[in-house]
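Below: the structure, in structure tokens.
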Amino acid sequence: MNLLTSEIREALLKNTRARLHANALGHPEPDPAPVVRFFNPVGSGTWLATEIDEDDILFGLADLGFGCPELGSFSLRELQSVRLPLGLGIERDILFESAVPLSTYARLARRTGSILLAEAEIHRRASVPTLGDVEQPPDA
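For the sequence shown, position 112 (counting from the first letter as 1) is numbered 111 according to numbering that gives the first Met the number 0, and the numbering increases by one without interruption.
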């Protein structure tokens, strides 16, 4: 599987350019939502990426399944080179979409011990109705 489409690569590069621009101006760095999610189909490894550099080094949240997800850099080439049982490799979640900033994933993943549990918490929170969503009784 091609881990990055041209559209995903461009979105990652756009986030990289936005961070570099903010740094150059002395502004706070943006906190984008992850663009892509990779996973180990026979294990617990999960990676969320927001940026990529010219050497195909991604930045994001990495969870190798040991209970301590961390923000940092990881190599696209290394992800592509992983060979797993049954001829499998690291996969891209083709249905992944998120509007939640990476910092939220990182905070929840650290608290819960995994990206998967953080995602479950994000989905749970998104499904809880707000007062405006709850049907109000008619006025008496």
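Glycine residues also receive a C-beta, built at the ideal position from the N, C-alpha and C atoms.
As the structure is a prediction and not an experimental result, all values here were calculated from the model.
Item: Collapsed DSSP secondary structure at residue 93 in the structure displayed; Value: coil
Item: Nearest candidate by alpha-carbon position, reference residue 116, set 52, 62, 41, 25; Value: 62
Item: Pairwise C-alpha distance: residue 71 and residue 38; Value: 16 angstroms
Item: Spatial neighbours of residue 40 in its chain, beta-carbon cut-off 6 angstroms, leaving aside the 5 residues before and after; Value: 87, 90
Item: CA-to-CA distance, residue 18 to residue 24, given in whole angstroms; Value: 10 angstroms
Item: 8 angstroms contact criterion, which residue 57 and residue 108 should meet: CB distance rounded; Value: Actually they do not touch by this definition, with Cβ atoms about 16 angstroms apart.
Item: Contact check, residue 79 vs residue 11, beta carbons under 8 angstroms; Value: no
Item: Minimum length 4: unbroken alpha helix (DSSP H) runs contained in the segment 59-84; Value: 75-80
Item: Cutoff 7 angstroms; reference residue 100; Cβ partners in own chain excluding five residues on either side; Value: 30, 31, 32
Item: Buried or exposed by the 16-neighbour rule on C-beta atoms within 10 Å, applied to residue 148; Value: With the chain running from 0 to 139 in the structure shown, residue 148 is simply not present.
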